[in-house]
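Colleague: This is the structure, below, for whatever I ask next.
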Amino acid sequence: MNEVSQVTEVAKNISDYGALVVMGAIYLLLSASMMIAVFKWFKSIITQIMEDNKDNLREVLNETRRQNELLTDLAEGLRPETQLRIRNLTGFAFDLSVEQVCRLIKKVRDENHIADRDKTEEKIKKSLKVIHEDRNSRFDSFTYRGKCLSAFCNEEWIEQVAKVVIDEVYHADGQNNGRAYTNIKLAYDNIKTDFYNRLHK
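All residue numbers for the sequence shown refer to the numbering used here, where the first residue is 141 and numbers rise by one.
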């Protein structure tokens, strides 16, 4: 019924306005709807291209940042003056630790009842931990390859030095400051070597 009324309407329009005018109107309607469809299609393509470009640019930017961080890391590690600065700074810090530990040995011998070995060992380890953490807090101010220098230190060093200190305090031949200094210096030379190896891993 609806189709019949549409056909009747078209026929009436043709008789009223002429066939050419009606065909022109239909052509204009079809052209307008086609142009709208084409514009929407182009818009969706352009929008998709822009989204893809945005994602690609984001990936390129992230990759560039990663590359810059890596290059900065490598450049810092390759600069001779950076390594020289670190060696000088840490050398002074470890040499100071040698002196502190030698004073600790003397203090433990003089001020403690060393017959109570367990308490003496506990006190030695606590004192060495304080020395270790104090040195690390100073290292926190300096970085190498994006990390604080304290990140390259090892808690096991406390036990290594504690063993040497305890051996010196309870040495069978008694007190000998020269021997104590030599043994502590040797322990810290090993620690320095371990530290420099950790820097280059």
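Even for Gly, the Cβ is constructed at its ideal location relative to N, Cα and C.
Would you mind reading off the limits of the alpha helix (DSSP H) that contains Ala320?
Modeller: Unbroken alpha helix (DSSP H) run through Ala320: 317-339.
Colleague: Considering Ala302, what are the terminal residues of the alpha helix (DSSP H) in which it resides?
Modeller: 296-309 is the span of the alpha helix (DSSP H), which, as asked, contains Ala302.
Colleague: Mapping DSSP to helix, strand and coil, what is Cys288?
Modeller: Strand at Cys288.
Colleague: So is Ile176 buried or exposed if we call it buried at 16+ other beta carbons inside 10 Å?
Modeller: That one is exposed.
Colleague: List the endpoints of the continuous alpha helix (DSSP H) containing Ile271.
Modeller: Run containing Ile271: 257-279, per the alpha helix (DSSP H) assignment.
Colleague: Have a look at Lys259, Ile226, Asp329 and flag the residue whose alpha-carbon is nearest the alpha-carbon of His340.
Modeller: Residue Ile226 is the option with its Cα nearest to His340.
Colleague: Do Phe292 and Leu229 have their CB atoms nearer than 8 Å?
Modeller: No, Cβ-Cβ distance for Phe292 and Leu229 is not below 8 Å.
Colleague: Is there contact between the stretch 265-275 and the stretch 294-310, where contact requires at least three CB pairs shorter than 8 Å?
Modeller: Result yes; three or more Cβ-Cβ pairs closer than 8 Å.
Colleague: Just to check my reading of the structure: Leu245 and Glu308 have Cβ atoms closer than 8 Å, yes? What is that Cβ distance to the nearest angstrom?
Modeller: For clarity, residue 245 is Ile in the given sequence; the question names Leu instead. 5 Å between Cβ atoms; contact.
Colleague: Do the stretch 269-283 and the stretch 316-335 touch if we need at least three Cβ pairs shorter than 8 Å?
Modeller: Not touching, per the Cβ criterion.
Colleague: Once you ignore the five residues that flank Glu261 on each side, which residues in its own chain have a CB closer than 8 Å to its CB?
Modeller: These residues qualify, in order along the chain: Ala302, Ile306.
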